[in-house]
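*Asks:* To start, I am sharing the structure in question, which I have written as C-alpha cells.
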Amino acid sequence: MTPPAPPAPAAPPAAVPAPAGRVRRVVWWPVRRWLGRVQRVTRRVASAAYARWRRSIQVRVVTSTLFISAIVVAILGFFLMQQITTALMDGKTKAALAQLDEGLGSLQRDVGVSNDSGDRLRSAANGLKSRSGPSGLYEVYVRDTTQIYIDGYATNELRAQSVPQRLRDELRSGTTGTRAYTYGKLSYIGHRPSERGLIVAGKTSHYEVYYLFPLTQEQHTLTIVSRSLAGVGIVLVLLLAAIASLVTRQVVIPVRLAAQGAQRLAAGRLDERMRVRGEDDLARLARSFNDMAANLQEKIRELEDLSQVQRQFVSDVSHELRTPLTTIRIAGDLLYENRDTFDDPAVGRSAELLQSQLERFESLLADLLEISRHDAGAATLDAESLDMRDLVLRTVGDVQGLAERKGSKVVLQLPGEPCMAEVDRRRVERILRNLLVNAVEHGEGEDIVVSVAADRDAVAVTVRDHGVGLKPGEGQMVFDRFWRADPARARTTGGTGLGLSISKEDAQLHGGWLQAWGESGQGSQFRLSLPRAAGAELRGSPLPLVPPGAGGARPLFAELEAGD
Amino acid sequence: MRRCLEGPVRWWEGALKGPTAMIAAAALTLGASGCAAMPGGGRVTSVKAQERSEQVDESYVRLIPVAPQNDWSAKEVVSGFLAASASFDDDHKVAKEYLANPTGWHPGPRPSVAVFADRPDLQIIGKSDTQVIVRLTGTQLGTITSDGQYTAFQKAVSVDYQVTRNPQHQWRISALPDALGQTMLLNKSDVEQVFRTFNLYYFSPDKHTLVPNGVFLPLVSREDLPQRLVQAVISGPTAWLRGAVWSAFPRGTKLNGLSLDKDVATVDLSKEAATGNINQMSAQLAWSLGPLSEVKQWRLRIEGRGVVTPDGKNDVQTFADWQTNSPDGPTNDDHRAYTIGAAGHLSTLNLNNYIPMPVVTNAPGRMVRPAVSPDQHEAVGLSPDQKQLLVADLTSNGVPHVLRTAKDPEGRFTPPCWDRQGTLWTVETSPGKSMLWKRERGKPLKPVWHWGLDGREIYALQVARDGVRVAVIAKIEDGRKQVQLGRIAGSGDRIDAGSFVPVSSELAETDDLSWRDYNTLAVLGRKTLDTQVLPYLMPVDGSAVTSLGVGSLGEPQSIAAVPGGPVLIGTKSSSQRLVCHQSAFRDRDSEWVCSVAGSDPTYAY
Chain A
7 MTPPAPPAPA
17 APPAAVPAPA
27 GRVRRVVWWP
37 VRRWLGRVQR
47 VTRRVASAAY
57 ARWRRSIQVR
67 VVTSTLFISA
77 IVVAILGFFL
87 MQQITTALMD
97 GKTKAALAQL
107 DEGLGSLQRD
117 VGVSNDSGDR
127 LRSAANGLKS
137 RSGPSGLYEV
147 YVRDTTQIYI
157 DGYATNELRA
167 QSVPQRLRDE
177 LRSGTTGTRA
187 YTYGKLSYIG
197 HRPSERGLIV
207 AGKTSHYEVY
217 YLFPLTQEQH
227 TLTIVSRSLA
237 GVGIVLVLLL
247 AAIASLVTRQ
257 VVIPVRLAAQ
267 GAQRLAAGRL
277 DERMRVRGED
287 DLARLARSFN
297 DMAANLQEKI
307 RELEDLSQVQ
317 RQFVSDVSHE
327 LRTPLTTIRI
337 AGDLLYENRD
347 TFDDPAVGRS
357 AELLQSQLER
367 FESLLADLLE
377 ISRHDAGAAT
387 LDAESLDMRD
397 LVLRTVGDVQ
407 GLAERKGSKV
417 VLQLPGEPCM
427 AEVDRRRVER
437 ILRNLLVNAV
447 EHGEGEDIVV
457 SVAADRDAVA
467 VTVRDHGVGL
477 KPGEGQMVFD
487 RFWRADPARA
497 RTTGGTGLGL
507 SISKEDAQLH
517 GGWLQAWGES
527 GQGSQFRLSL
537 PRAAGAELRG
547 SPLPLVPPGA
557 GGARPLFAEL
567 EAGD
Chain B
46 MRRCLEGPVR
56 WWEGALKGPT
66 AMIAAAALTL
76 GASGCAAMPG
86 GGRVTSVKAQ
96 ERSEQVDESY
106 VRLIPVAPQN
116 DWSAKEVVSG
126 FLAASASFDD
136 DHKVAKEYLA
146 NPTGWHPGPR
156 PSVAVFADRP
166 DLQIIGKSDT
176 QVIVRLTGTQ
186 LGTITSDGQY
196 TAFQKAVSVD
206 YQVTRNPQHQ
216 WRISALPDAL
226 GQTMLLNKSD
236 VEQVFRTFNL
246 YYFSPDKHTL
256 VPNGVFLPLV
266 SREDLPQRLV
276 QAVISGPTAW
286 LRGAVWSAFP
296 RGTKLNGLSL
306 DKDVATVDLS
316 KEAATGNINQ
326 MSAQLAWSLG
336 PLSEVKQWRL
346 RIEGRGVVTP
356 DGKNDVQTFA
366 DWQTNSPDGP
376 TNDDHRAYTI
386 GAAGHLSTLN
396 LNNYIPMPVV
406 TNAPGRMVRP
416 AVSPDQHEAV
426 GLSPDQKQLL
436 VADLTSNGVP
446 HVLRTAKDPE
456 GRFTPPCWDR
466 QGTLWTVETS
476 PGKSMLWKRE
486 RGKPLKPVWH
496 WGLDGREIYA
506 LQVARDGVRV
516 AVIAKIEDGR
526 KQVQLGRIAG
536 SGDRIDAGSF
546 VPVSSELAET
556 DDLSWRDYNT
566 LAVLGRKTLD
576 TQVLPYLMPV
586 DGSAVTSLGV
596 GSLGEPQSIA
606 AVPGGPVLIG
616 TKSSSQRLVC
626 HQSAFRDRDS
636 EWVCSVAGSD
646 PTYAY
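Just so you know, the sequences run in chain order A and B.
So the first sequence is numbered by our numbering: it starts at 7 and just counts up by one.
So the second sequence is numbered by our numbering: it starts at 46 and just counts up by one.
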C-alpha cells in the first residue's frame with residue numbers, strides 16, 4: 007500500500023568546516039529536509055485516504071454526503087442571503103423614500119417655489135440635515151437647477167461625486183415629483199473611507215434633493231446573518247455527515263459480516279453460516295446467504311459422490327473386463343500360433359490383427375486401471391534409493407529395438423558420478439519408457455538425446471527429439487488424457503493416449519515435475535525433475551527445459567507456462 | 046391498492062427509524078418554535094440617554110461649486126470663480142480651474158478673506174476678443190486675516206480681474222486683482238457657512254490664567270479640525286492679543302501630527318517644544334481642544350516621545366486636569382457680594398438668604414456704584430453725581446474720601462472696577478472724550494499710556510477676570526451705546542489699552558455690563574430702541590445673545606455677575622430701589638425675584 011520510503015537523506019556535513027560557498031547549502035538543508043518530510047507525509051496520507059476511500063463504503067457514503075450536502079447548504083444559504091438582503095433593502099428603501107417625501111415637503115415650505123436665493127437653499131440644506139439626528143443617519147445633497155455657479159450644497163464631508171450621474175440624468179429628465187433611487191458608493195473628503203450607500207432622489211420644481219444613506223448598519227446586519235448562516239450550515243453538514251456515518255455503519259457491519267462469511271465459504275469452510283437477527287433487509291440477506299451456502303454444500307457433496315461413483319465404476323469395469331480378456335487372450339494366442347495352419351490366408355491375417363489389438367486392449371486396460379488408481383488416490387510410492395543412470399540405461403536398452411526400427415539413434419549424456427535418488431523404480435521406468443517411445447515415434451528418424459543431471463536436491467532427465475515439435479500451447483496439452491498431436495494419425499503405433507497422463511501423475515506422486523517444450527520444426531524436449539529425497543519439495547531443476555541452442559524468448563515462456 | 050400504499054408506508058417506517066427519526070423530530074420542533082417573529086411582549090429594558098453632541102459637532106453644509114463650462118463668458122467665469130472660492134475642498138481645486146495659471150494662487154487652509162455684503166456687481170471693461178477686464182464693485186464689510194482675526198471695516202471696493210481666452214477658446218482668469226493679493230472675496234453668507242469661531246487660549250502676563258482668543262477658522266473638514274486648532278494655537282495669538290498675552294510654545298514649534306484613536310488624541314510636537322513648559326503648553330492645548338466633542342482625552346508627545354503631565358499622572362490628560370488655569374481664575378462658591386443697603390451703607394449680601402449686612406456705618410449715601418478690592422480692605426465708588434471717584438478704607442470703617450474729581454464740567458466717572466492684582470480701573474469721560482485711569486496697589490491714580498477709545502464717551506468698563514480683556518460700553522458714531530472688547534497690553538508705565546472691536550450687533554443699546562464668565566457678558570440692554578431694558582447674556586465670541594430670566598424687573602440700573610454665582614441686578618422703581626436675583630440662578634430662564642432693598646450690587650474677587 008504505502009510506497010517504499012525514499013532513502014533517508016544523508017546527514018548534513020555539519021562537523022566539516024565548510025567553505026564559504028557551502029554555507030548557503032547548510033542553511034537550506036533543514037528546510038529541504040523538512041519539505042521532503044512534508045511531501046512524504048502528504049503522499050502517505052493521500053494514498054492512505056485513497057485506499058480507505060476504495061475499501062470502505064462508509065467513507066465513500068460519508069464523503070459524498072458531506073460533499074452533496076455542502077453544495078445544497080451553500081445553494082440554500084445563497085438564496086436565503088438573497089432573500090434577506092432584498093427584504094432589508096426593501097425596508098431601507100421604503101424608509102428612505104418616506105424621509106425623502108418629508109424632506110421635499112419641508113424644502114417646499116422653506117424655500118418656496120419661486121425663491122431662488124442660494125442662502126435659503128443653504129439653510130434649507132442645513133434644516134434637512136439637522137433632521138437626521140445625532141447618529142448621522144444620512145447625508146443630504148440639495149441642488150437648485152437654476153443656479154449656474156453652484157452645483158449644490160452637501161452636508162458634512164460628503165462629496166458631490168457620491169451622487170451618480172445616472173441618477174442626475176434620471177431626475178433631470180423627470181418632472182416635478184419624480185422620485186428615484188439607486189445604490190452607489192458614498193465618498194467623502196478627508197480620510198474617511200468611502201462606503202456603499204442607498205441614494206434616493208426627488209425633484210420639486212427646480213430643486214433636486216438627494217438623500218444618501220450609508221448602508222454600514224445593513225452591511226453589519228448582513229455580515230452577522232451570513233456568519234450565523236455559515237455557522238449553521240457547517241454544523242448542519244457535519245450533522246448530516248455524522249448521521250450518514252451512523253446509518254451506513256448500521257448497514258455496513260452486516261455487509262462486512264456477510265463478506266467474511268463468503269470468504270470463509272470460499273476457503274472451503276462450507277459449514278460457515280451468518281447470524282440472522284431481526285427481520286429487516288439485512289436479516290433477509292443473511293437468510294439468503296445461509297440458504298445459498300446450504301445449497302452449495304449439498305450440491306458439492308452430490309458432485310463429489312457422483313465423481314466417486316464414476317471412478318469406482320471405471321475401476322470396477324477395468325477389473326471386470328480383465329477376466330474375460332484373459333480368456334479371450336488365451337484363445338487369441340492359440341489362434342495366432344496356429345495362423346499358418348489356416349487355409350484361407352485372410353483368416354491368418356485376422357488372427358494376427360486380433361493378437362495385436364488384444365495387446366493394445368490389454369495395455370489400455372492396464373493404463374485405465376493405473377489412472378483410476380491415481381484418480382482414487384490409491385497410488386502409493388514404493389521408493390528406494392536408485393541410480394538414475396541405471397534406470398535410464400535399462401529403459402534405453404528396452405527401446406533400442408524400436409529406435410533402430412525407426413532409424414533413430416539414442417544418444418546418452420550421462421554424468422560420471424552416480425545420480426542417486428529415492429524413487430519408485432517401476433514408475434520412473436514407466437515414465438522414461440513413455441518419454442523415449444514418444445520421442446522415437448515422433449523423432450522422424452533423427453537422433454534422440456537423453457541427458458541426466460543431478461544437483462544437491464534434485465535429479466533430472468531430459469529426452470530430446472528433433473521431430474515435428476510442438477505447436478504453441480501444446481506443451482501443456484500433451485499431458486491431457488487421449489490427446490493426440492495429429493488427430494488424423496492412425497493409432498497404429500503404441501500409445502494408448504494415456505501414457506503421458508500417467509507419467510505426469512507418477513512424477514507428481516514423487517513431488518517432481520514433468521514438463522514439455524517444443525517448437526514447430528525444432529523438435530521437442532521433455533524433462534523429468536525429481537527430488538532426491540522422497541517427499542521433499544522441488545525448488546529447481548538441474549537441467550534446462552529448453553535445450554541449449556534452440557528457441558528464444560518464447561520457450562522460456564513455455565517453461566513458465568508448463569511449470570506447475 | 047393496499048399494496049401500493051404499503052410500500053411508501055414501509056419506506057417511511059424504515060427511514061424514520063432510530064436516530065434519523067429523532068433528528069427529524071428535533072428539526073421539526075426547532076423549526077416550529079424558532080420561527081422568526083418580532084417580540085410582542087417581554088420585560089422592560091431601561092436605556093441610558095445618549096450624550097448630546099455639542100455645537101461644533103452639529104452638521105455643516107458645504108457648497109459644491111461647478112467647474113468652468115466651455116461656453117461661459119468672461120463675466121460668468123469671474124462669477125463662477127467667486128462662487129467656487131467658497132469651497133475649501135481639496136485646497137480650492139475647483140476654484141483653481143478658473144485660473145489660467147493655477148499655481149500662482151495659494152489660498153491655503155487659512156486664507157485671508159475680504160467679506161462682502163452680498164454678491165458684488167461685475168462689469169466688463171474692454172472689448173477685446175482675447176482679453177478683457179472684469180471690474181468688480183461692492184461693499185466690503187470687513188476682513189478676516191490669515192491668522193483668523195476678523196476686523197470690521199466697511200468700505201466700497203472696486204477691483205479688476207483680467208480674463209483671457211486660452212488656446213481652447215475658454216475664458217480663464219489670467220490675473221487676480223493686485224489690491225487683493227492672495228486674499229479671496231467671499232460674501233457674508235459664505236463666510237458664515239465656511240468659518241467657525243474657536244477660542245485659542247494663551248496666558249495672561251501672570252502666566253497662570255488663560256485668556257481666550259477668538260479666531261475664525263474655516264471648517265473644511267471635521268476630521269482635521271483638531272489638527273488645525275492645535276496648529277492655530279501653536280502659531281500664536283492674533284494681532285488683537287499679540288503683546289498682551291504669552292504663549293508657552295517656544296518659537297519654531299510645529300505640529301508633527303495629530304492622530305485620533307476613539308476619543309484620545311495624540312498631539313506630537315516638533316523638538317523645539319522640548320524647551321517649553323510642558324504644563325503650560327498642555328493647559329493651552331487642553332483649553333483650546335476642549336470644545337471638540339471628539340477629543341475627550343489626549344496625550345502630548347514631543348518628537349514621538351511621550352511626556353507625563355501633570356506631574357505623577359500617566360501620559361493621558363483630560364481637560365479636568367487644567368481647570369486651575371481657567372480664564373475665570375480660581376473659582377469657588379464663596380462669592381462675596383456687596384450692595385448699597387437701603388440706608389445707604391455699603392453692605393455684604395448673603396447669597397443664601399439675600400439679607401444685606403452693613404460693613405460700614407459711617408456716612409450713609411455718600412457712595413454709589415461701589416467696587417470692593419480683592420483683599421476687601423478698600424471700597425471704591427462714585428459720588429451720587431458720578432463726578433467724583435471716592436475711596437473708603439473698610440478696615441477702619443472709614444469715611445470715603447475723594448480720589449479724583451472729573452475735570453470737565455460734563456465729565457464723570459464710569460463705575461470703577463478692580464482686577465485680580467488689586468489694580469483699580471476707571472474711565473473719566475465726557476461727551477466725545479474719555480481717559481482711562483489706573484491705580485496699582487499702593488500707588489497713586491495715573492492715566493494709562495495709551496487708551497484706544499479716547500475719542501468716545503464711555504459708559505461702563507469692566508476688566509475681565511483674566512486681567513487682559515476689557516469690555517466697555519462706548520458711544521459709537523450713530524449715537525448708540527455699544528459693547529466693545531479690547532485688551533490691555535504692556536506693563537509698568539507703558540500700558541496700552543486698545544484694539545477695541547464690537548462684540549455683537551444684536552442689541553441696539555446697552556447700559557451696563559459685567560463679566561459672567563470668560564466667554565459671556567451679562568449686560569443690561571435692549572434689542573430695539575423702543576423696548577424695555579432687560580438683562581441679556583452676550584457671548585464675546587459672537588454667538589447669539591440670549592435673554593436672562595423672566596418676570597418684571599422695574600427699571601434695571603446696574604448688573605453684577607460672577608462665574609458660578611447668581612446675576613444681581615439693581616433696579617429702580619418709582620418708590621424704591623431693589624436688588625433682584627433669579628429664583629434659581631443655574632436655570633437661565635428662572636424668574637427674577639426682587640426682594641432685597643438696596644442698590645448697586647457688586648462682587649468682589
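All C-beta atoms in this analysis are idealised placements derived from N, C-alpha and C, irrespective of residue type, glycine included.
(1) How close, in whole Å, do the beta carbons of residue 191 (chain B) and residue 246 (chain B) come, if the pair is a contact with beta carbons under 8 Å?
(2) So residue 162 (chain A) contacts chain B; which residues on that side make the cut at Cβ distance below 9 Å?
(3) So residue 309 (chain B) is in the beta strand (DSSP E); what residue range does that whole segment cover?
(4) Can you check whether the C-beta of residue 125 (chain B) is within less than 9 Å of a C-beta belonging to chain A?
(5) Using 8 Å as the Cβ pair cut-off and three pairs as the minimum, do the stretch 476-486 of chain A and the stretch 454-468 of chain A touch?
(6) So that I know if they touch, is there some Cβ in chain A lying closer than 9 Å to that of residue 111 (chain B)?
(7) Can you tell me whether DSSP reads residue 295 (chain A) as helix, strand or coil?
(8) Out of B:573, B:203 and B:608, point me to the one whose CA is closest to residue 566 (chain B)'s CA.
(9) Output, in chain order, the set of chain C residues within a Cβ distance shorter than 7 Å of residue 198 (chain A).
(10) Any contact between the stretch 124-131 of chain B and the stretch 169-178 of chain A? By contact I mean 3 or more CB pairs, one from each, below 8 Å.
(11) With a threshold of 6 Å on Cβ separation, who are the neighbours of residue 470 (chain A) within its own chain once the five nearest residues in sequence on each side are excluded?
(12) Pick from A:80, A:117 and A:354: whose alpha carbon is nearest that of residue 239 (chain A)?
(13) I need the straight-line Cα distance from residue 236 (chain A) to residue 223 (chain A), nearest angstrom please.
(14) At the 9 Å Cβ level, is residue 118 (chain B) part of the contact set with chain A, yes or no?
(15) For the stretch 330-350 of chain B against the stretch 300-316 of chain B, are there 3 or more C-beta pairs whose distance is under 8 Å?
(16) Judging by CA-CA distance, which residue of B:483, B:349, B:588 and B:218 is the nearest neighbour of residue 118 (chain B)?
(17) Taking DSSP as the reference, what is the three-state secondary structure of residue 268 (chain B)?
(18) Contact between the stretch 305-312 of chain A and the stretch 353-366 of chain A: three or more CB pairs below 8 Å?
(19) Relative to the alpha-carbon of residue 138 (chain B), which residue among B:111, B:155 and B:160 has its alpha-carbon at the smallest distance?
(20) When the cut-off is 9 Å and only beta carbons count, does residue 277 (chain A) lie next to chain B?
(21) Should residue 89 (chain A) be labelled buried (16 or more other beta-carbon atoms within 10 Å of its own) or exposed?
(22) Can you tell me whether residue 629 (chain B) is helix, strand or coil according to DSSP?
(23) Indicate whether residue 555 (chain B) and residue 574 (chain B) have their beta-carbon atoms separated by less than 9 Å.
(24) Just to confirm, is the Cβ distance from residue 505 (chain A) to residue 373 (chain A) under 9 Å?
(25) Leaving out five residues before and five after residue 636 (chain B) in sequence, what residues of the same chain have Cβ atoms less than 8 Å from its Cβ?
(26) Compare the C-beta of residue 135 (chain A) with all C-beta atoms of chain B and state if any pair is closer than 9 Å.
(27) If I follow the unbroken alpha helix (DSSP H) through residue 324 (chain B), where does it start and stop?
(28) Our contact map puts residue 193 (chain A) next to residue 167 (chain A) with C-beta atoms below 8 Å; I'd like the distance itself, whole angstroms only.
(29) Using three-state DSSP, classify residue 414 (chain A) as helix, strand or coil.
(30) Could you check whether the stretch 246-255 of chain B touches the stretch 285-298 of chain B, counting it as contact only if at least three pairs of C-beta atoms, one from each stretch, sit closer than 8 Å?
(31) So, do the stretch 36-47 of chain A and the stretch 198-208 of chain A have three or more beta carbon pairs nearer to each other than 8 Å?
(32) For the structure I just gave you, are there three or more beta carbon pairs, one from the stretch 404-414 of chain B and one from the stretch 436-454 of chain B, closer than 8 Å?
(33) The beta strand (DSSP E) that contains residue 571 (chain B), what's its start and end?
(34) Would you say residue 319 (chain B) lies against chain A (beta-carbon separation less than 9 Å)?
(35) With burial defined as no fewer than 16 other Cβ atoms inside 10 Å of the residue's Cβ, what is the status of residue 245 (chain A): buried or exposed?
(36) Check whether the Cβ atoms of residue 458 (chain B) and residue 427 (chain B) lie closer than 9 Å to each other.
*Replies:* Quick look at the numbers:
(1) Residue 191 (chain B) to residue 246 (chain B), Cβ: 20 Å. No contact.
(2) The contact set of residue 162 (chain A) on chain B, defined by CB atoms closer than 9 Å, consists of 104, 105, 106, 107, 266 and 267 in chain order.
(3) It spans 309-314 - the beta strand (DSSP E) in which residue 309 (chain B) sits, taken as one unbroken run.
(4) Yes, its Cβ sits closer than 9 Å to a Cβ of chain A.
(5) No, the stretch 476-486 of chain A does not touch the stretch 454-468 of chain A.
(6) Residue 111 (chain B) counts as touching chain A.
(7) In this structure, residue 295 (chain A) counts as helix in the three-state DSSP scheme.
(8) The shortest C-alpha to C-alpha distance from residue 566 (chain B) to any of B:573, B:203 and B:608 is the one to B:608.
(9) The structure shown contains no chain C; its protein chains are A and B.
(10) A contact is defined here as three or more CB-CB pairs under 8 Å, and the stretch 124-131 of chain B fails this definition with respect to the stretch 169-178 of chain A.
(11) Excluding sequence neighbours, residue 470 (chain A) sits near 455, 531 and 553.
(12) Of the listed residues, the one whose Cα sits closest to residue 239 (chain A) is A:80.
(13) Near 20 Å, if we compare the C-alpha coordinates of residue 223 (chain A) and residue 236 (chain A).
(14) Interface criterion not met: the Cβ of residue 118 (chain B) is under 9 Å from no Cβ in chain A.
(15) The stretch 330-350 of chain B, when compared against the stretch 300-316 of chain B, does touch it at the 8 Å Cβ threshold.
(16) Comparing alpha-carbon positions, the option among B:483, B:349, B:588 and B:218 lying closest to residue 118 (chain B) turns out to be B:218.
(17) Reduced to three states, the DSSP call for residue 268 (chain B) is coil.
(18) These segments do not touch.
(19) Out of B:111, B:155 and B:160, the CA that lies nearest to the CA of residue 138 (chain B) is found in B:111.
(20) It does not: the Cβ of residue 277 (chain A) has no partner Cβ on chain B nearer than 9 Å.
(21) By the 10 Å Cβ count, residue 89 (chain A) comes out exposed.
(22) DSSP places residue 629 (chain B) in coil when its eight states are reduced to three.
(23) No; because the gap between Cβ atoms is not below 9 Å, this pair is not in contact.
(24) Cβ atoms of residue 505 (chain A) and residue 373 (chain A): closer than 9 Å.
(25) Exclusion of the five residues before and after residue 636 (chain B) leaves 594, 595, 596, 627 and 628 as the residues of its chain whose Cβ lies within less than 8 Å of its Cβ.
(26) Residue 135 (chain A) counts as touching chain B.
(27) DSSP places residue 324 (chain B) in the uninterrupted alpha helix (DSSP H) bounded by 323-334.
(28) At roughly 6 Å, the Cβ-Cβ gap stays under 8 Å, so residue 193 (chain A) and residue 167 (chain A) are in contact.
(29) Residue state, collapsed to three classes: coil.
(30) By the criterion of at least three beta-carbon pairs nearer than 8 Å, the stretch 246-255 of chain B is in contact with the stretch 285-298 of chain B.
(31) Between the stretch 36-47 of chain A and the stretch 198-208 of chain A, the count of C-beta pairs closer than 8 Å stays below three; the two stretches do not touch.
(32) A contact exists between the stretch 404-414 of chain B and the stretch 436-454 of chain B.
(33) 565-571 is the extent of the beta strand (DSSP E) around residue 571 (chain B).
(34) The C-beta of residue 319 (chain B) comes no closer than 9 Å to any C-beta of chain A.
(35) Classification of residue 245 (chain A): exposed, given that the 10 Å Cβ count is below 16.
(36) Yes.
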